[in-house]
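In terms of our numbering, the sequence shown opens at residue 1 and continues consecutively. All C-beta atoms, glycine included, are put in the ideal place defined by N, C-alpha and C. Because the structure is a prediction, the values reported are computed rather than measured.
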Amino acid sequence: MLKQNKQISLDFSKYSDLYSIVIKEDNFWKQLNDMIDFSFVYDELKGKY
């Protein structure tokens, strides 16, 4: 499923903003995360945490 603009965001830590600073834009995993909508995972796990 391709990512749409309705992506939810979760703040896991006060250091979450460092992700965009430390991980380069050409990183494969960052590009994959930006292209694919993983919100279904959050929906599945929402009741578990």
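Residue i and residue j closer than 8 Å at C-beta
i   : j   : result
K30 : I36 : no
Run of the alpha helix (DSSP H) containing residue i, from where it starts to where it stops
i   : result
N33 : F28 to M35
Y19 : L18 to V22
Y15 : Per DSSP, Y15 belongs to no alpha helix (DSSP H) and is neither H nor E.
E25 : Per DSSP, E25 belongs to no alpha helix (DSSP H) and is neither H nor E.
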